[in-house]
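Below is one structure, written out as structure tokens; comments come after it.
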Amino acid sequence: MVSDEKIQKLFGGFVVRKDLSKLVKGNALVPTYVLEYLLGQYCATTDETTIEKGIETVKDILAKHYVNRSENQLVLSWIKERGHYRIIDRVTVTLNDAKGTYEATFANLGIKRVIVEADYIKNYPKLLVGGVWCIVDLEYRYEEDREYVPWIIESLKPIQIAGADLSEFIEARKQFQTDEWIDLIIQSLGFNPDALSERNKWYQLVRLIPYCENNYNLIELGPKGTGKSHIYSEFSPHGILISGGEVTLAKLFVNNSTNKIGLVGYWDVVAFDEFAGRMKQVDKTLVDVMKNYMANRSFSRGTEQLTADASIVFVGNTSKSVSYMLKHESLFMDLPGKYLDSAFVDRLHFYIPGWEVAIIRNEMFTPSYGFIVDYLAQVLKLQRSLDYSDAYRKYFELDETLSVRDKLGINKTFSGLMKIIYPHREATKEELEKLLTFSMEGRRRIKMEILHIDPTFDTVCFTYKDLETGQIKEVLTAEELKYPILTKSRLPPLPESLSASAEDIGSPRLVSSNLAISSRGRPNAREATSEHSELLQPIAESIQESIPQPSHFTIAENQTGISFRELFGPYLRGAHKITIVDPYIRKQYQIRNLVEFMQVVLDNKQEGDEISVHLITDSGEFSRSEIEDSFRLIQDDLQKVDIDFTYEFDTTGSLHARSITTDTGWKIIIDRGLDIFQRSEGGWLSLSSIDQRARYCKAFEITYVRNKTTGT
25 MVSDEKIQKL
35 FGGFVVRKDL
45 SKLVKGNALV
55 PTYVLEYLLG
65 QYCATTDETT
75 IEKGIETVKD
85 ILAKHYVNRS
95 ENQLVLSWIK
105 ERGHYRIIDR
115 VTVTLNDAKG
125 TYEATFANLG
135 IKRVIVEADY
145 IKNYPKLLVG
155 GVWCIVDLEY
165 RYEEDREYVP
175 WIIESLKPIQ
185 IAGADLSEFI
195 EARKQFQTDE
205 WIDLIIQSLG
215 FNPDALSERN
225 KWYQLVRLIP
235 YCENNYNLIE
245 LGPKGTGKSH
255 IYSEFSPHGI
265 LISGGEVTLA
275 KLFVNNSTNK
285 IGLVGYWDVV
295 AFDEFAGRMK
305 QVDKTLVDVM
315 KNYMANRSFS
325 RGTEQLTADA
335 SIVFVGNTSK
345 SVSYMLKHES
355 LFMDLPGKYL
365 DSAFVDRLHF
375 YIPGWEVAII
385 RNEMFTPSYG
395 FIVDYLAQVL
405 KLQRSLDYSD
415 AYRKYFELDE
425 TLSVRDKLGI
435 NKTFSGLMKI
445 IYPHREATKE
455 ELEKLLTFSM
465 EGRRRIKMEI
475 LHIDPTFDTV
485 CFTYKDLETG
495 QIKEVLTAEE
505 LKYPILTKSR
515 LPPLPESLSA
525 SAEDIGSPRL
535 VSSNLAISSR
545 GRPNAREATS
555 EHSELLQPIA
565 ESIQESIPQP
575 SHFTIAENQT
585 GISFRELFGP
595 YLRGAHKITI
605 VDPYIRKQYQ
615 IRNLVEFMQV
625 VLDNKQEGDE
635 ISVHLITDSG
645 EFSRSEIEDS
655 FRLIQDDLQK
665 VDIDFTYEFD
675 TTGSLHARSI
685 TTDTGWKIII
695 DRGLDIFQRS
705 EGGWLSLSSI
715 DQRARYCKAF
725 EITYVRNKTT
735 GT
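See below:
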């Protein structure tokens with residue numbers, strides 16, 4: 025992790041301690057860039073005394089000047105009684121063409137039709153679209169004319185840093201090692217880099233590309249709680265986040281009746297929140313115009329063609345696990361129906377697999393220093409017109425079968441990452457290869473799904489050639505290696521020419537290229553999946569050897585060599601509904617037993633199938649809320665692998681018998697429930713902490729009964 029002293033030395037005045045915004049926010053519902061703008065004025069130092077005074081100053085400013093919507097009448101009264109007052113509010117301006125005036129609406133203050141001088145519109149055109157957070161001095165002048173608006177703007181200033189010097193920024197970047205620099209960017213986003221894996225860090229960086237790359241089309245789909253939309257609502261005054269169902273053709277592109285340009289003409293990034301939802305009603309004309317804009321950056325106003333530079337981002341939640349999506353539909357299955365179209369999908373440049381992004385937890389936030397987000401946003405904006413995609417071409421060459429859109433997506437992602445990580449263009453061959461393979465993986469994920477949705481698309485090779493060695497390498501997605509059987513079955517047949525080239529290159533071997541997964545010396549992903557299948561075969565055969573039978577046996581005290589896998593595995597195979605009755609799932613080690621049981625359920629589940637597991641238990645003398653906290657964490661974790669875990673607490677006090685029942689007809693009666701192991705004295709350093717067979721058992725009896733009317 026880069027030291028705070030180094031950050032302060034090289035970027036003094038443009039950095040702030042990242043935990044301070046939480047300390048000052050209180051009830052002020054303002055974006056992070058507003059808070060950090062204020063903190064940057066008073067707390068851009070490492071001196072604790074100055075920081076403490078600065079925090080109090082910012083708190084005082086927010087307390088006095090931020091308009092809380094519930095207190096707007098009080099603030100209006102202050103302005104009236106004092107004659108003028110300074111406020112912090114979100115201001116949106118519209119043109120009253122009948123009167124030839126610009127009129128402001130204050131979101132929290134609740135006043136409208138406030139006259140705005142034209143000079144403000146010339147200097148801050150974003151006031152016309154979506155609104156801007158501003159510091160405003162307002163006056164009150166009463167007149168008897170009923171049409172007169174008594175609120176007068178004395179001064180108006182958007183809350184953002186006046187400017188940034190890109191050359192100074194690039195020069196200071198040269199003083200950091202690559203890992204240090206990436207950690208500084210991650211800290212600037214508010215995260216502790218030590219809490220994130222390398223791939224997680226890079227996904228956070230990809231979220232920034234729309235701010236520094238013109239017309240970049242990004243999609244991120246994944247589970248809840250990963251911070252997908254945060255960066256588009258809190259990070260930059262140059263981006264706007266809108267609900268996926270709350271945009272019209274006129275609002276987004278152009279209103280033909282008023283000739284007013286929409287959001288894409290004013291914002292660098294237009295992000296659609298909650299974009300997923302198969303049943304959402306979508307205007308087909310909007311989709312068609314969107315596709316044209318994403319491909320050609322153009323849209324029409326009557327007979328006139330207009331262009332814009334705004335990047336488009338789509339973020340939404342997935343309802344199923346990766347394996348389910350791969351087996352039953354596609355990674356785009358949660359998109360609204362009219363967007364589930366190969367032509368739309370083909371215009372996307374990168375797919376962030378949200379299931380790989382860490383769910384946000386309190387311990388992931390950093391107390392260290394990072395850029396004031398508005399400063400970083402300004403630097404990224406200054407880079408939008410630059411192109412860094414040529415940086416890899418000295419060393420590597422993309423396969424000629426890749427389509428124009430494939431290459432465009434790869435190049436734009438590569439260029440964006442270069443601007444973020446290597447704005448000084450000083451990167452080694454190995455570092456450039458990392459960027460290239462990661463960029464290719466994000467586009468390959470899209471192309472794989474296009475080929476599944478529409479097999480008429482040409483099959484291509486996601487390979488690149490090392491120009492120094494002549495070696496050809498293929499980039500695979502993480503899903504292809506994790507779920508080889510599922511991904512193999514979804515691939516359309518390779519054309520004979522590509523199959524022949526695969527044979528010419530020779531036998532493959534799998535290797536990791538750190539961030540993206542590559543296979544050396546081949547352009548044929550099917551060989552990788554078949555190779556993986558062969559590795560899995562012995563495991564599958566060993567499981568098939570165990571055929572469950574009705575039985576009863578006793579385990580003696582201190583016996584070892586027993587595990588949930590042997591006790592339950594064969595009897596859970598093929599089940600889709602499992603009910604556990606066990607009153608003693610309350611202590612931490614008992615909850616751990618439950619998690620280990622879930623591992624056996626997962627081991628005996630077919631990839632892509634869904635299983636419901638319901639627990640009936642009793643909290644006893646323990647706090648139910650504490651137990652439920654653990655259960656909810658288990659729920660969130662199991663949802664990713666298609667296990668729907670639910671629970672209920674028996675309130676009758678009569679829950680004593682313990683059993684496990686499946687919808688395949690098996691009932692396992694076990695007198696100790698899942699609590700069959702003695703306490704391990706060695707703690708987490710002992711072998712027994714990771715291998716149940718090394719644990720000493722408590723004495724227990726277990727009976728397996730088959731209900732023939734429901735069993736198969």
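Throughout the sequence shown, residue numbering follows our numbering, covering 25 to 736 in sequence. Where a beta carbon is used, it is the ideal one built from N, C-alpha and C, also for glycine. For clarity, every value in this text was computed on a predicted model and none was experimentally measured.
Which stretch, first to last residue, makes up the beta strand (DSSP E) that contains residue 102? One-based indexing of the sequence shown puts residue 102 at position 78. Here residue 102 belongs to no beta strand (DSSP E); instead the alpha helix (DSSP H) covers 96-106.
Please report the distance separating the alpha-carbon of residue 178 from that of residue 464. Sequence index remark: in the sequence shown, residue 178 carries index 154 (1-based). Sequence index remark: in the sequence shown, residue 464 carries index 440 (1-based). Inter-residue distance for residue 178 and residue 464 is about 52 angstroms (C-alpha atoms, whole angstroms).
Across the segment 273-290 and the segment 241-261, are there enough close Cβ pairs to call them in contact, namely three or more that are closer than 8 angstroms? By the criterion of at least three beta-carbon pairs nearer than 8 angstroms, the segment 273-290 is not in contact with the segment 241-261.
Which whole-angstrom value describes the C-beta separation of residue 671 and residue 639, a residue pair presumed to lie in contact below a C-beta threshold of 8 angstroms? Here the question's residue 671 lines up with position 647 in the sequence shown. Here the question's residue 639 lines up with position 615 in the sequence shown. Contact holds; Cβ gap of about 4 angstroms.
Are the Cβ atoms of residue 42 and residue 256 separated by less than 9 angstroms? The residue given as residue 42 occupies position 18 in the sequence shown. The residue given as residue 256 occupies position 232 in the sequence shown. Cβ atoms of residue 42 and residue 256: not closer than 9 angstroms.
Could you give the uninterrupted runs of the alpha helix (DSSP H) lying entirely in the segment 355-379, keeping only those of 4 residues or more? Here the runs fully enclosed are 366-369.
Based on Cα-Cα distance, which residue from 75, 97, 159 lies nearest to residue 116? The residue given as residue 116 occupies position 92 in the sequence shown. It is 159.
For residue 527, which of helix, strand or coil comes out of DSSP? On the sequence shown, position 503 is the one that residue 527 refers to. For residue 527, the pLDDT reaches just 42, beneath the cut-off of 50, and the residue's location in the model is therefore unreliable, leaving the point undetermined.
Pair within 9 angstroms by beta-carbon distance, residue 340 and residue 296: Taking the sequence shown and counting its residues from 1, the one referred to as residue 340 is at position 316. Taking the sequence shown and counting its residues from 1, the one referred to as residue 296 is at position 272. Their beta carbons are under 9 angstroms apart, which means residue 340 touches residue 296 by this criterion.
I need the straight-line Cα distance from residue 171 to residue 288, nearest angstrom please. Residue mapping note: residue 171 aligns to position 147 of the sequence shown, counting from 1. Residue mapping note: residue 288 aligns to position 264 of the sequence shown, counting from 1. Separation of residue 171 and residue 288 (C-alpha to C-alpha, rounded to the nearest whole angstrom) is 34 angstroms.
Does DSSP classify residue 572 as helix, strand or coil? In the sequence shown, the residue the question calls residue 572 occupies position 548. Annotated three-state conformation of residue 572 is coil, per DSSP.
Could you check what DSSP says for residue 728 in three-state terms: helix, strand or coil? Translated into the one-based positions of the sequence shown, residue 728 becomes position 704. Three-state DSSP puts residue 728 in a strand.
Measure the Cβ-Cβ separation of residue 609 and residue 618 and say whether it is below 9 angstroms. The residue given as residue 609 occupies position 585 in the sequence shown. The residue given as residue 618 occupies position 594 in the sequence shown. At a Cβ-Cβ threshold of 9 angstroms, residue 609 and residue 618 count as neighbours.
Through-space distance from residue 151 to residue 143, alpha-carbon basis: Within the sequence shown, residue 143 is the residue found at index 119, counting from 1. Within the sequence shown, residue 151 is the residue found at index 127, counting from 1. Between residue 143 and residue 151, the C-alpha separation is close to 12 angstroms.
So, with DSSP's three-state summary, where would you put residue 602? Position 578 of the sequence shown, counted from the first residue, corresponds to residue 602. DSSP, read as helix, strand or coil, puts residue 602 in strand.
Three or more C-beta pairs closer than 8 angstroms, one from the segment 434-444 and one from the segment 221-233: is that the case here? Cβ pair count under 8 angstroms is three or more, so yes.
C-alpha gap between residue 93 and residue 49, whole angstroms: For the purposes of this step, residue 93 is taken as residue 69 along the sequence shown, with counting starting at 1. For the purposes of this step, residue 49 is taken as residue 25 along the sequence shown, with counting starting at 1. Rounded to the nearest angstrom, the gap between the Cα atoms of residue 93 and residue 49 is 15 angstroms.
According to DSSP, is residue 241 part of a helix, a strand, or is it coil? Translated into the one-based positions of the sequence shown, residue 241 becomes position 217. It is a strand residue.
Distance between residue 365 and residue 462 (C-alpha atoms, nearest Å): On the sequence shown, position 438 is the one that residue 462 refers to. On the sequence shown, position 341 is the one that residue 365 refers to. Between residue 462 and residue 365, the alpha-carbon positions lie close to 25 angstroms from each other.
Runs of 3 residues minimum, wholly inside the segment 467-500: which ones carry the beta strand (DSSP E) assignment? As far as the segment 467-500 is concerned, its whole beta strand (DSSP E) runs of at least 3 residues are 487-490, 496-500.
Would residue 259 and residue 401 be called neighbours here (beta carbons separated by less than 9 angstroms)? Taking the first residue of the sequence shown as 1, we reach residue 259 at position 235. Taking the first residue of the sequence shown as 1, we reach residue 401 at position 377. Yes, they are a contact pair.
Can you name the start and end residues of the alpha helix (DSSP H) that residue 205 belongs to? In the sequence shown, residue 205 corresponds to position 181, counting from 1. Segment 202-212, the alpha helix (DSSP H) holding residue 205.
Measuring alpha carbon to alpha carbon, tell me which residue in 453, 327, 682, 246 is nearest residue 663. Residue mapping note: residue 663 aligns to position 639 of the sequence shown, counting from 1. The shortest C-alpha separation from residue 663 is found at 246.
Is it buried or exposed, residue 207, if we count other Cβ atoms within 10 angstroms and call 16 or more buried? Counting from 1 along the sequence shown, the entry for residue 207 is found at position 183. Only buried fits residue 207, as 16 or more other CB atoms lie within 10 angstroms of its CB.
Distance, Cα to Cα, residue 611 vs residue 714? Counting from 1 along the sequence shown, the entry for residue 611 is found at position 587. Counting from 1 along the sequence shown, the entry for residue 714 is found at position 690. Residue 611 and residue 714: Cα-Cα distance of roughly 19 angstroms.
In terms of residue numbering, what span does the beta strand (DSSP E) encompassing residue 686 cover? Translated into the one-based positions of the sequence shown, residue 686 becomes position 662. Here the beta strand (DSSP E) through residue 686 covers 683-686.
Can you round the beta-carbon distance between residue 603 and residue 676 to whole angstroms, since I take them to be within the 8 angstroms contact cut? Position 579 of the sequence shown, counted from the first residue, corresponds to residue 603. Position 652 of the sequence shown, counted from the first residue, corresponds to residue 676. Contact flag wrong, Cβ pair sits at about 17 angstroms.
Pull up the distance between the alpha-carbon of residue 439 and that of residue 700, whole angstroms please. Locating residue 439 in the sequence shown gives position 415, where the first residue counts as 1. Locating residue 700 in the sequence shown gives position 676, where the first residue counts as 1. Looking at the backbone, the Cα of residue 439 and that of residue 700 are separated by about 57 angstroms.
Which one of 334, 166, 690, 454 has the shortest CA to CA distance from residue 571? The count along the sequence shown starts at 1 and reaches residue 571 at position 547. Checking every option, the nearest Cα to that of residue 571 belongs to 690.
Is residue 363 near residue 311, with beta carbons less than 9 angstroms apart? One-based indexing of the sequence shown puts residue 363 at position 339. One-based indexing of the sequence shown puts residue 311 at position 287. Their beta carbons are under 9 angstroms apart, which means residue 363 touches residue 311 by this criterion.
Secondary structure at residue 720, three-state DSSP: helix, strand or coil? Position 696 of the sequence shown holds residue 720. DSSP places residue 720 in coil when its eight states are reduced to three.
Taking buried to mean at least 16 other C-beta atoms within 10 Å of its own C-beta, is residue 613 buried or exposed? For the purposes of this step, residue 613 is identified with residue 589 of the sequence shown, where counting begins at 1. Flag for residue 613 reads exposed.
Should residue 44 go down as buried or exposed, given a rule of 16 or more other Cβ atoms within 10 Å for buried? Indexing the sequence shown from 1 puts residue 44 at position 20. Counting Cβ neighbours within 10 Å, residue 44 comes out buried, since at least 16 surround it.
Same chain, Cβ closer than 7 angstroms to residue 60, neighbours up to 5 away in sequence not counted: Position 36 of the sequence shown holds residue 60. The residues are 40, 45, 396, 397, 398.
Nearest candidate by alpha-carbon position, reference residue 140, set 645, 282, 126, 324: Along the sequence shown, read from residue 1 onward, the residue named residue 140 stands at position 116. Ranking the options by Cα distance to residue 140, first place goes to 126.
Can you list the beta strand (DSSP E) stretches of 3 or more residues lying completely in the segment 137-211, in chain order? You should have 138-140, 156-164, 175-182.
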